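Peer 1: Take the sequence shown: its position 62, counted from the start at 1, is 146 in this note's numbering, and no numbers get skipped. We put the CB at the ideal spot given by N, CA and C, even for glycine. Bear in mind that the values here come from a model prediction, so they are computed numbers and not experimental data. Quick one: this structure, given as structure tokens, is what I'll be asking you about.
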Amino acid sequence: MRLGLDIAQQRMPFAEVVDRARFAEALGFDGVWGFDHFKPMYGEGPGECFEGYTTLAALATATERVRLGLLVTGLTYRPVSLLAAEAITIDHASNGRLELAIGTAWFQEEHDELGFEFPATGARVDLLEDSLHVLRGLFTEDDFTYEGRQVSVRDATLRPRPVQEPLPIWVGASGEQRSLPLVARHADAWHAFGDVDSLGPKSQRLSAMCEDAGRDPATLLRSASLSIEGSVDQARAQIDAWRDAGFGYLIVGWPSGGRAQVEEFARAVL
């Protein structure tokens with residue numbers, strides 16, 4: 085089981101964000117994860133909240149081994165071709181350690197406040213489908229052309245290519261009518277929020293979608309989130325349950341006990 089750590093990049097100075105990433109790396113976590121928002125997701129009032137991709141660029145040069153990602157990139161915040169160029173840049177800055185995780189976005193209040201368009205759900209799923217095609221095309225082809233419902237590119241080339249071949253694309257999604265079939269056809273990894281009792285059966289349905297798409301379900305990494313607020317034994321039991329359900333990656337939430345609680349977990353489990 086691979087384990088990443090959500091460093092909860094909000095309400096702290098930037099130096100603390102960097103220090104948490106180095107802390108996770110020193111403890112042996114496989115990945116460091118931030119989020120793609122512009123205001124804190126919890127607590128009262130305003131607070132520090134650094135933009136996700138420039139944060140990843142900084143972490144790329146502040147760390148050496150740990151892989152880097154955002155859980156997950158809101159596709160409504162940036163033109164997809166710009167996101168592709170940012171991802172390539174970070175992949176080079178980190179020497180091939182980026183996990184590009186994308187989703188349809190959900191936080192309408194943030195969009196309204198900052199002037200980002202927030203389309204209806206169907207249009208955002210269209211954007212996800214287009215983005216999966218455009219990102220893969222721009223990562224691998226010259227003079228790439230694609231005509232989509234929300235995004236189109238013409239004779240487009242981005243250089244250099246990513247360090248990773250392929251650069252892994254994760255999708256955060258749960259909708260079984262349209263989003264999960266896109267995961268089955270196009271994604272390298274799937275992440276969803278929920279407990280093992282709800283996501284285990286959903287993962288099985290996703291496996292069937294992979295087979296319908298002519299894909300070996302074992303080639304799709306399954307990821308979920310893990311709370312370590314309880315005891316280490318409870319966390320171990322949860323890890324075992326997720327493994328039994330076919331999940332290969334868990335992202336550990338930053339606990340209320342802070343560094344000491346993370347360190348206790350890491351020493352016992354990693």
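Which runs of the alpha helix (DSSP H) fall wholly inside the segment 216-292 and span at least 4 residues, in chain order?
Peer 2: Within the segment 216-292, the complete alpha helix (DSSP H) runs of at least 4 residues are 263-270.
Peer 1: Tell whether a beta-carbon distance below 7 Å holds between Arg208 and Thr188.
Peer 2: Translated into the one-based positions of the sequence shown, residue 208 becomes position 124. Translated into the one-based positions of the sequence shown, residue 188 becomes position 104. Contact flag set, yes.
Peer 1: Which class does Glu193 belong to by DSSP, given the choice of helix, strand or coil?
Peer 2: For the purposes of this step, residue 193 is identified with residue 109 of the sequence shown, where counting begins at 1. It is helical.
Peer 1: Please go through the same chain and pick out, in chain order, the residues whose beta-carbon is closer than 7 Å to the beta-carbon of Thr139, but skip the five residues on each side of it.
Peer 2: The residue labelled residue 139 in the question sits at position 55 within the sequence shown. Contacts found: Gln93, Val101, Gly118.
Peer 1: Out of Gly259, Pro246, Thr205, Glu197, which one is the CA nearest neighbour of Leu219?
Peer 2: Here residue 219 corresponds to residue number 135 of the sequence shown, with the count starting at 1. When only C-alpha atoms are compared, the closest one is Pro246.
Peer 1: Any chance the segment 271-279 sits against the segment 292-306, with 3 or more Cβ pairs inside 8 Å?
Peer 2: Yes, they touch.
Peer 1: With which residues is Ser307 paired in a DSSP beta bridge?
Peer 2: By 1-based counting over the sequence shown, the position of residue 307 is 223. DSSP, once it has assigned bridges, lists His275, Tyr333 as partnering Ser307.
Peer 1: Can you give me the Cβ contacts of Ser340 inside the same chain, cut-off strictly under 7 Å, excluding the 5 residues immediately before and after it?
Peer 2: Locating residue 340 in the sequence shown gives position 256, counting from the first residue. Correct list, in chain order: Glu313.
Peer 1: Express the C-alpha separation of Phe122 and Ala169 in angstroms, rounding to a whole number.
Peer 2: In the sequence shown, counting from the first residue as 1, residue 169 sits at position 85. In the sequence shown, counting from the first residue as 1, residue 122 sits at position 38. Rounded to whole angstroms, Ala169 to Phe122 spans 20 Å at the Cα level.
Peer 1: By DSSP's criteria, Asp90 is part of a beta bridge. Which residues make up the other side?
Peer 2: The residue labelled residue 90 in the question sits at position 6 within the sequence shown. Paired residue(s): Trp117.
Peer 1: I'd like the list of long-range same chain contacts for Asp114, defined as Cβ closer than 8 Å, with 5 residues on each side in sequence excluded.
Peer 2: If you number the sequence shown from 1, residue 114 lands on position 30. The answer, listed in chain order, is Arg86, Leu87, Gly88, Val150, Arg151, Tyr333.
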